[in-house]
Amino acid sequence: MSADERQLTAGCLFSGMGGLASGLQRAGFAIRWASDNDEYAAAAFRHRFPDVRFIEKDVCELVAAEGRLAGVDVLAGGFPCQSFSQAGVRAGFNDPRGALFFEIPRILGEMEPSERPRLLILENVPHLLYGEGGEWFDEVQRALRRAGYWFRDSACLVANVKDYTELPQDRERLFMVAASKAHFSCNPFSPSTVERCPESKPRPLSAFIDRERRAPEEAYLPEENRYYKMISREMEEGESPENVYQLRRSYVREKKQGLCPTLTANMGIGGHNVPFVRDDWGIRKMSVDEVAGLQGFKTCEPLFPDDMPETERYRLVGNAACVHLTALVGSACARILTEAV
Ligand SMILES: C[S@@+](CC[C@H](N)C(=O)[O-])C[C@H]1O[C@@H](n2cnc3c(N)ncnc32)[C@H](O)[C@@H]1O
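Here the sequence shown stands for residues 39 to 379, numbered as in the numbering used here.
Below, the structure written as structure tokens:
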């Protein structure tokens with residue numbers, strides 16, 4: 039097989055259950071390895087990608103020297119976003135979770151120059167661009183440039199899932215693509231290289247919500263539950279009872295225009311952020327399969343090992359990068375890499 043015919047490859051740091059990995063696979067990449075330190079992320083990833091080498095480790099303990107992480111064309115990393123999120127404490131790189139970003143350039147530095155990925159695809163929240171008056175982003179730029187990559191704001195895509203894909207989820211994310219100075223004379227990635235899905239008109243939410251079948255009893259709110267009362271009142275007064283209603287800290291928010299609100303990691307653990315819908319049997323939480331479908335995961339086969347607790351399933355799905363959006367960014371990168379051969 040000639041160099042330009044071989045399949046492009048990717049490795050994933052902070053892999054979670056594999057949102058970035060699935061999107062890159064959809065874009066034609068073979069996933070060579072993935073890593074995360076969370077036992078449930080590891081179990082889900084191994085379940086979904088049984089043939090991919092998975093390294094269950096704290097990223098700070100990952101060693102890339104002496105070929106211990108196989109060379110790949112693309113290194114993907116959806117590093118933790120809590121410290122950069124507008125909704126969080128916004129401690130940025132002062133938060134140890136935010137500082138994990140620096141493990142990416144550290145790992146690149148340990149790789150043999152010939153093994154270093156040609157492109158990096160990093161995913162996070164858009165506020166990383168603006169936080170601390172742009173200082174967070176300056177730090178990211180500096181660190182990636184020092185590691186030997188072209189990178190600046192023009193190589194960033196801020197995209198909403200609902201505008202780029204057919205998935206009706208209001209989820210805005212930042213994709214940053216850096217290009218190796220050893221392979222490129224400048225960074226060939228720009229938002230205009232990402233082609234929106236041809237059918238990017240959102241499919242109706244009803245296509246993702248199973249209102250035909252009764253869900254398990256525990257999914258339904260008892261009528262005497264205070265959340266039931268809050269949500270049903272909102273449904274009576276809202277735009278449509280077919281919409282998704284999300285519990286916020288102390289109130290209920292209707293997500294209008296047939297969209298699903300941003301799915302979050304904490305949606306499975308009680309009051310905050312849980313998306314609810316009404317069906318013929320009552321008001322219930324959206325199921326794990328329903329929210330996974332809205333993140334672009336194929337739910338025709340089980341996504342998780344049978345013994346995985348439900349709260350962990352919701353958390354992993356909420357934490358994941360949207361598969362379809364990643365596939366669009368991945369396809370743009372694949373075109374760049376194939377043309378560059
Ligand atoms: C936003 S999620 C990434 C989701 C993932 N990119 C995807 O596409 O599904 C961040 C991930 O970082 C992982 N993580 C957090 N701290 C870590 C550490 N010290 N070492 C390795 N992974 C870590 C978390 O377990 C979580 O899965």
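Just so it is clear, CB atoms sit at the ideal spot from N, CA and C, and this is done for glycine as well.
Alpha carbon to alpha carbon, what distance is there between residue j and residue i?
| i | j | result |
| --- | --- | --- |
| residue 113 | residue 77 | 22 Å |
| residue 371 | residue 95 | 28 Å |
| residue 281 | residue 245 | 12 Å |
| residue 157 | residue 294 | 38 Å |
| residue 80 | residue 148 | 24 Å |
| residue 328 | residue 220 | 43 Å |
| residue 190 | residue 212 | 13 Å |
| residue 218 | residue 344 | 41 Å |
| residue 350 | residue 223 | 44 Å |
| residue 60 | residue 66 | 10 Å |
| residue 251 | residue 302 | 25 Å |
| residue 311 | residue 98 | 31 Å |
| residue 374 | residue 366 | 13 Å |
| residue 316 | residue 264 | 16 Å |
| residue 331 | residue 91 | 25 Å |
| residue 298 | residue 348 | 20 Å |
| residue 55 | residue 279 | 32 Å |
| residue 333 | residue 304 | 15 Å |
| residue 152 | residue 358 | 30 Å |
| residue 346 | residue 82 | 8 Å |
| residue 216 | residue 260 | 50 Å |
| residue 163 | residue 256 | 33 Å |
| residue 71 | residue 93 | 8 Å |
| residue 380 | residue 247 | No information on residue 380 is available, as it lies outside the stretch 39 to 379 that the chain covers here. |
| residue 68 | residue 103 | 22 Å |
| residue 75 | residue 133 | 18 Å |
| residue 127 | residue 210 | 19 Å |
| residue 381 | residue 323 | Residue coverage of the chain in this structure runs from 39 to 379, which leaves residue 381 outside it and unanswerable. |
| residue 174 | residue 150 | 28 Å |
| residue 241 | residue 170 | 37 Å |
Applying the 10 Å Cβ sphere with the 16-neighbour rule, what's the burial state of residue i?
| i | result |
| --- | --- |
| residue 187 | buried |
| residue 319 | exposed |
| residue 172 | exposed |
| residue 44 | exposed |
| residue 161 | buried |
| residue 89 | exposed |
| residue 193 | buried |
| residue 340 | exposed |
| residue 196 | exposed |
| residue 8 | Only positions 39 to 379 of the chain appear in this structure, which leaves residue 8 out of reach. |
| residue 239 | exposed |
| residue 168 | exposed |
| residue 353 | buried |
| residue 228 | exposed |
| residue 39 | Residue placement at residue 39 is poorly supported in this model, since its pLDDT is 49, which falls under 50; the coordinates are not used for a value here. |
| residue 119 | buried |
| residue 249 | exposed |
| residue 376 | exposed |
| residue 105 | exposed |
| residue 200 | buried |
| residue 108 | exposed |
| residue 111 | buried |
| residue 355 | buried |
| residue 230 | exposed |
| residue 181 | buried |
| residue 178 | buried |
Is the beta carbon of residue j closer than 9 Å to that of residue i?
| i | j | result |
| --- | --- | --- |
| residue 307 | residue 258 | no |
| residue 131 | residue 121 | yes |
| residue 253 | residue 369 | no |
| residue 185 | residue 226 | no |
| residue 361 | residue 49 | no |
| residue 296 | residue 243 | yes |
| residue 73 | residue 52 | yes |
| residue 165 | residue 342 | no |
| residue 159 | residue 46 | no |
| residue 135 | residue 146 | no |
| residue 283 | residue 313 | yes |
| residue 337 | residue 64 | no |
| residue 300 | residue 176 | no |
Is residue i a contact residue of ligand 2, with contact defined as CB to any heavy atom under 8 Å?
| i | result |
| --- | --- |
| residue 97 | Ligands displayed in this structure: ligand 1; ligand 2 is not among them. |
### Query
How do the segment 288 to 308 and the segment 257 to 272 stand: do at least 3 beta-carbon pairs fall below 8 Å, yes or no?
yes
### Query
Counting pairs of Cβ atoms below 8 Å between the segment 105 to 125 and the segment 137 to 152, do you hit three or more?
yes
### Query
Which full runs of the beta strand (DSSP E) of 3+ residues lie inside the segment 254 to 315, going along the chain?
282 to 285 and 290 to 293
### Task
Report the residue ranges of all alpha helix (DSSP H) runs contained in full by the segment 156 to 206; include only those spanning at least 4 residues, in chain order.
165 to 168, 173 to 184 and 199 to 202
### Task
Would you check if the segment 197 to 207 and the segment 226 to 240 touch, i.e. whether three or more CB-CB distances between them fall below 8 Å?
yes
### Task
Counting only runs of 3+ residues fully inside the segment 71 to 115, write out the beta strand (DSSP E) ranges in chain order.
91 to 94 and 112 to 115
### Query
Can you list the beta strand (DSSP E) stretches of 3 or more residues lying completely in the segment 204 to 233, in chain order?
210 to 218
### Query
Which parts of the segment 328 to 375 are runs of the alpha helix (DSSP H), unbroken and 4 residues or longer, counting only runs that do not cross its ends?
348 to 357
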